[in-house]
Ligand SMILES: Nc1nc2c(ncn2[C@@H]2O[C@H](COP(=O)(O)OP(=O)(O)OP(=O)(O)O)[C@@H](O)[C@H]2O)c(=O)[nH]1
Ligand SMILES: [Mg+2]
């Protein structure tokens, strides 16, 4: 899973990238942008996994991971319509996007706009994505027209359906800046998925505020209420401070944060939200060797979960011994959960819940 960071020049993308990943990538300096693209893998924090590891004291604790990509600057007017083509190609390979909008006022950092207005910048980023998607849709529409005369009767029918649908998507992009997939049938969904439309990806907007607004919960609401629908969820963070927070060790971190009125590192808030927007959940496996969090999609069943670990376990699946994390904690462990009737044996079609602790019985 890849989270791509998108934002106008000097909005603080690389700063936020560092805050998320604990990396120390070169941010833009007074002499201008570093111009580098950065990539890092982050462990998605999960206090539940920490608790389980404390309890089982395994040799290894394994978090789920997310890849984060930071791009070279997005400059307005650089391409024909805005975003450079190579950025758009990379963005299509991302599973979710994190907008970074400039919310800090600092004369020493050149601002491509005259004023600081994060809602405006988020809106213009959305518009860029819609432009890029429109191009894809229009290109495909003209291909359909070209291939129409060369196609068989059956193929034509299919092309006609696709065309009809694409025209709907086009209108939605032009009028609302995005196509709402809610309620679309499987054929249509697979068409739009094929095109990797950027406006359909899960998006989160992060407003990078100045140090004095750190920990102010009203900041995100202000920006959010200034955005026209459909708008992404908004998080505010003081990027520069959060980058420092990410560089501290655990003992220093809590004190530094409480001094600033920050209750939780922005990194945790953003990664959790990204995780949720991606439609992912985790289940756990525990033991003396390893305590591990595994990623699956919401709605996946026990066999799919088993498959994550090993195809043999899925093939020879008998039962999934299942205890919800909360039940495990409340009962003080597996034995307590058993006594309380909270330890369940589930079959192949069981829909796994976020936080389930699973142990597979299998036979190969
Ligand atoms: N005062 C202040 N400065 C910040 C903040 N966040 C970033 N900066 C500064 O703004 C400049 C640009 O930050 P970057 O993180 O490099 O921004 P960017 O969006 O990656 O820039 P490009 O890659 O050139 O588009 C750097 O000098 C940062 O130190 C902030 O919250 N407050
Ligand atoms: Mg940068």
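Residue numbers (this note's numbering): 735 to 1098.
Heads up, the beta-carbon is just placed ideally off N, CA and C, and yes, glycines get one too.
Computed from a prediction, not measured in an experiment: that's the story for all the values here.
Presumed contact (8 Å Cβ cut-off) between residue i and residue j, rounded CB distance
i, j, result
"residue 915", "residue 926", "7 Å"
"residue 1015", "residue 1088", "4 Å"
"residue 785", "residue 1063", "7 Å"
Cβ-heavy atom distance, residue i to ligand 1, below 7 Å
i, result
"residue 843", "yes"
"residue 883", "no"
"residue 743", "yes"
"residue 974", "yes"
C-beta contact flag for residue i and residue j at 8 Å
i, j, result
"residue 851", "residue 744", "no"
"residue 796", "residue 973", "no"
"residue 980", "residue 753", "yes"
"residue 1031", "residue 930", "no"
"residue 800", "residue 939", "no"
"residue 1019", "residue 1069", "no"
Coarse secondary structure for residue i, derived from DSSP in three states
i, result
"residue 738", "strand"
"residue 772", "strand"
"residue 761", "coil"
"residue 802", "strand"
"residue 996", "coil"
"residue 1007", "helix"
"residue 1017", "strand"
"residue 829", "coil"
"residue 1094", "strand"
"residue 1123", "Because the chain in this structure spans residues 735 to 1098, residue 1123 falls outside the shown range and cannot be described."
"residue 968", "strand"
"residue 927", "helix"
"residue 1078", "strand"
"residue 865", "helix"
CA nearest to the CA of residue i, picked from the options
i, options, result
"residue 977", "882, 737, 1000", "1000"
"residue 921", "909, 1011, 893", "893"
"residue 908", "865, 1079, 842", "865"
"residue 1090", "1079, 808, 941, 882", "1079"
"residue 1003", "994, 853, 968", "968"
"residue 947", "758, 1076, 838", "838"
"residue 1033", "1047, 1048, 1017", "1017"
"residue 912", "966, 959, 953, 995", "966"
"residue 833", "874, 823, 854", "854"
"residue 991", "863, 949, 828, 1084", "949"
"residue 803", "873, 828, 910", "828"
heavy atom of ligand 2 below 7 Å from residue i C-beta
i, result
"residue 747", "yes"
"residue 840", "no"
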